[in-house]
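J.:
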Amino acid sequence: MAIPVSEENFENEVLERSRALPVVVDFWADWCGPCKALSPALEKAEAAREGKVVLAKVDVDANPQLGALFRVQGIPAVKAFRDGKVVDEFVGALPPPRVEAFFDGLVPSRADELFAAGDELSLREATELEPRRADLAVALARARLERGAEREALEAVEGHEGDFSAAGIAARVRLSQAGVGTEAFRALDRGEREAALDALLEELGRAENATRDDLRRAAVGILSDLDPADPTARAYRRRLSDALG
Numbered sequence: 014m015a016i017p018v019s020e021e022n023f024e025n026e027v028l029e030r031s032r033a034l035p036v037v038v039d040f041w042a043d044w045c046g047p048c049k050a051l052s053p054a055l056e057k058a059e060a061a062r063e064g065k066v067v068l069a070k071v072d073v074d075a076n077p078q079l080g081a082l083f084r085v086q087g088i089p090a091v092k093a094f095r096d097g098k099v100v101d102e103f104v105g106a107l108p109p110p111r112v113e114a115f116f117d118g119l120v121p122s123r124a125d126e127l128f129a130a131g132d133e134l135s136l137r138e139a140t141e142l143e144p145r146r147a148d149l150a151v152a153l154a155r156a157r158l159e160r161g162a163e164r165e166a167l168e169a170v171e172g173h174e175g176d177f178s179a180a181g182i183a184a185r186v187r188l189s190q191a192g193v194g195t196e197a198f199r200a201l202d203r204g205e206r207e208a209a210l211d212a213l214l215e216e217l218g219r220a221e222n223a224t225r226d227d228l229r230r231a232a233v234g235i236l237s238d239l240d241p242a243d244p245t246a247r248a249y250r251r252r253l254s255d256a257l258g
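For our numbering, add 13 to where a residue sits in the sequence shown, where the first one is 1.
As structure tokens, this is what we get:
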């Protein structure tokens with residue numbers, strides 16, 4: 014159920030509350046037909062998210078200063094607040110599917126919650142819910158690598174060849190099974206990325222054609238986790254390019 018908000022309590026009910034939960038504010042007026050048409054979709058979307066988002070309503074006729082402050086030029090105007098700021102908005106009576114999509118953008122999905130949990134069981138469930146997401150597949154593969162389950166890690170990233178991290182993990186497993194890059198991957202498992210890259214580049218310098226591409230993919234996979242602007246990342250990219258000739 015939407016909370017009626019006025020100029021007197023807007024700061025507490027919307028701005029402060031939005032520091033804990035997203036708050037969706039519906040700027041409306043009693044004479045506005047589209048506002049009344051939109052209201053049920055907003056209320057249904059809020060109820061479906063079971064307390065993870067708050068819906069508030071502002072009557073622009075009774076609270077003109079709020080309308081002016083947030084530049085409401087047409088109604089219904091819907092604005093989403095997080096951490097005291099507007100993070101998304103729309104104007105007009107959108108159809109229910111688009112209202113649902115708007116709310117989806119504010120509230121983490123079940124897969125996102127499982128991703129945040131980070132354990133292997135949660136990650137496996139997350140990939141089942143959203144199998145197209147490479148970030149979930151990569152996280153699951155890494156969890157499996159931590160317990161030495163290379164074959165299962167490879168299965169986790171199958172179908173995500175276009176993602177650098179996923180392709181890097183697949184290359185790592187193939188190289189490991191061929192007995193190549195052992196030193197590099199041990200360093201990587203210890204969190205020593207630079208040592209891992211040094212070892213991969215050294216292997217690349219003497220590798221046969223059959224393994225060069227996987228060594229490149231493994232190195233690129235590690236580099237993809239670094240900030241592109243990081244001087245270390247730039248230096249290793251240049252070294253990789255030189256090694257590939």
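C-beta: ideal position from N, C-alpha, C; glycine also.
1) Within 10 angstroms of its Cβ, does K57 collect 16 or more other Cβ (buried), or is it exposed?
2) Are the CB atoms of L34 and G97 nearer to each other than 8 Å?
3) DSSP state of V170, grouped into three classes?
4) Please report how far the alpha carbon of F177 lies from the alpha carbon of G234, in whole angstroms.
5) If you scan the stretch 16-70 from start to end, which runs of the beta strand (DSSP E) of 3 or more residues do you find wholly inside it?
6) Can the beta-carbon of Q78 be found closer than 8 Å to that of E20?
7) Can you name, in chain order, every residue of its own chain whose Cβ lies under 7 Å from the Cβ of S122, other than the five neighbours on each side?
8) Distance check for E216 and L119, CA to CA, integer angstroms please.
9) How big is the Cα-Cα spacing for D101 and R95?
10) Report back the beta-carbon spacing between L167 and T224 to the nearest angstrom; my notes put them in contact at under 8 Å.
11) Beta strand (DSSP E) containing E159: first to last residue?
12) Give me whichever residues DSSP pairs with F103 in a beta bridge.
13) So, V37 versus V73, is the Cβ gap smaller than 8 Å?
14) Can you give me the Cβ contacts of R219 inside the same chain, cut-off strictly under 6 Å, excluding the 5 residues immediately before and after it?
15) Please determine, among A152, N222, R145, E113, the residue with the shortest C-alpha to C-alpha distance to A12.
16) With DSSP as the reference, label D240 as helix, strand or coil.
17) Counting along the chain, where does the alpha helix (DSSP H) carrying R84 start and finish?
T.: On the basis of the data shown:
1) Answer is exposed; the Cβ neighbour count stays below 16.
2) Contact: no.
3) If DSSP states are grouped into helix, strand and coil, V170 belongs with the helices.
4) Answer to the nearest angstrom: the Cα atoms are 5 Å apart.
5) Scanning the stretch 16-70 from its first residue to its last, the whole beta strand (DSSP E) runs of 3-plus residues come out as 16-18, 36-41.
6) For the pair Q78 and E20, the CB atoms are nearer than the 8 Å cut-off.
7) Non-local C-beta neighbours of S122 in its own chain, meaning closer than 7 Å and more than five positions away in sequence, are absent.
8) So the two alpha carbons sit approximately 46 Å from each other.
9) Cα to Cα, the separation comes out at about 9 Å.
10) A Cβ-Cβ distance of about 16 Å is found for the pair L167 and T224, leaving them out of contact under the 8 Å criterion.
11) That residue, E159, is in no beta strand (DSSP E); its alpha helix (DSSP H) goes 147-159.
12) Looking at the DSSP output, F103 bridges to V91.
13) Between V37 and V73, the CB-CB gap reaches or exceeds 8 Å.
14) There are no such residues.
15) Nothing can be reported for residue 12: it is not among the residues displayed for the chain, which extend from 14 to 258.
16) Of the three classes helix, strand and coil, the one that applies to D240 here is coil, per DSSP.
17) Annotation: R84 is outside any alpha helix (DSSP H) and is labelled neither H nor E by DSSP.
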